[in-house]
Amino acid sequence: MGVLATRLRYGSLMVTLVAALMWVDLQFFPYLTSGLIIALFTLGAQAEFYGMLRSAGMAASLKLGLLAGAYYLFTRLAPAIEWTFYHDTQAPAPQSTFDAGAHLAGAIVFLLILGVLQRRPQQAPQRIGATLIGLLIVPFLLGYLIEIRYLPDGWAWLVFLVAVAKSGDSTAFFVGKYFGKRKLIPEVSPNKTWEGAVASIVGSLAAAAVVSATAFSQAPETGLWIGAAVVTNIGAQFGDLGESLLKRGCEVKDSAKLIPVMGGLFDMVDSFLVAAPVLLLYLRVSLPGLA
1470 MGVLATRLRY GSLMVTLVAA LMWVDLQFFP YLTSGLIIAL FTLGAQAEFY GMLRSAGMAA
1530 SLKLGLLAGA YYLFTRLAPA IEWTFYHDTQ APAPQSTFDA GAHLAGAIVF LLILGVLQRR
1590 PQQAPQRIGA TLIGLLIVPF LLGYLIEIRY LPDGWAWLVF LVAVAKSGDS TAFFVGKYFG
1650 KRKLIPEVSP NKTWEGAVAS IVGSLAAAAV VSATAFSQAP ETGLWIGAAV VTNIGAQFGD
1710 LGESLLKRGC EVKDSAKLIP VMGGLFDMVD SFLVAAPVLL LYLRVSLPGL A
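Just add 1469 to the spot in the sequence shown (first one is 1) and you have this note's numbering.
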């Protein structure tokens, strides 16, 4: 099976899997099911990221980082936990009053306390600094996926996000491979082209049209979903490029060897690092009632 066919196969499988998980989320413990799945994927990606750093000689602490990441993700899951176990399930959806700065500060304090309890002052700044980088890049950014689920029709917006990002990625790969001539940023990602980047937006718009017409309880206005698709696609492309930058800096090709051609969990979710917070910001600006 060729590289393109494999990417299309696993990309389609991911979108289908997300749709199936969202159905399970709607049927059993809404909000909490999807949040826990997101948290598990996030911690797996964070572990792979620390593996990359350690392969490059950066003494990141896997245990400290994952504990701090789990604490941070728990704070983002708190509204879903409270709604599931302490409120009538017929009540309105959980309302997120999340203060990203406050809870990130809590996670950093938690990380420092754990570092002190380790009693290992040797290379402590390097170890805590490298561990903090993983906390900021992975749980902090991917935690916005949980916040998107709290939105009205949040499950549909999550399917929208995955479909738009992965359709754009597959379209960019195909067009770039067979028609691409102008390199985008060869120092960071030698195979990406301007032709592929533009085609990626077209692929994302096509996916957005399908999801917008089928997944939502009430289809969003045309201007809203087009704008959401464009900003999500641009965010996804920068997330992909950002991960390429980090991998080249660590001199690794993939974050892991979990899935043929596609790599590890961090490789699979890299586009969401920027796309998730950008989509949430766009929706809150475009729909003032969400702010």
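Glycine is no exception: its CB is placed at the ideal position from the N, C-alpha and C atoms.
Closest by C-alpha distance to R1589, out of A1528, L1727 and V1607, is A1528.
Here DSSP, grouped into helix, strand and coil, assigns L1653 to strand. Scanning E1517, F1642 and S1673 for the CA closest to the CA of V1484 turns up S1673. K1646: member of the alpha helix (DSSP H) spanning G1623 to F1648, first to last residue. Note on A1571: under 16 other CB atoms within 10 angstroms of its CB, so exposed under the neighbour-count rule.
Between P1746 and G1704, the gap from beta carbon to beta carbon is short of 9 Å. Taking a cut-off of 8 Å on C-beta distances, the segment 1738–1753 touches the segment 1607–1620, as three or more cross pairs fall below it. Close CB contacts of P1689 within its chain, under the 7 Å cut and outside five residues either way in sequence, are with S1681 (chain order). A Cβ-Cβ separation of about 6 Å places A1539 in contact with L1512 under the 8 Å criterion.
Its chain contains L1490, V1493 and D1494 as the residues whose beta carbon lies nearer than 8 Å to that of T1502, once the 5 sequence neighbours on both sides are disregarded; these appear in chain order.
Contact between the segment 1621–1632 and the segment 1518–1538 is not established, with fewer than three Cβ pairs separated by less than 8 Å. Taking all protein chains in view, the Cβ of D1736 is crowded by 16 or more other Cβ atoms within 10 Å, so the residue is classified as buried. Unbroken alpha helix (DSSP H) stretches of 4 residues or longer found wholly inside the segment 1496–1564: 1501–1524 and 1531–1555, given in chain order. In this structure, the alpha-carbon of I1606 lies about 22 Å from that of R1753. A straight line joining the alpha-carbon of F1518 with that of R1717 spans about 13 Å.
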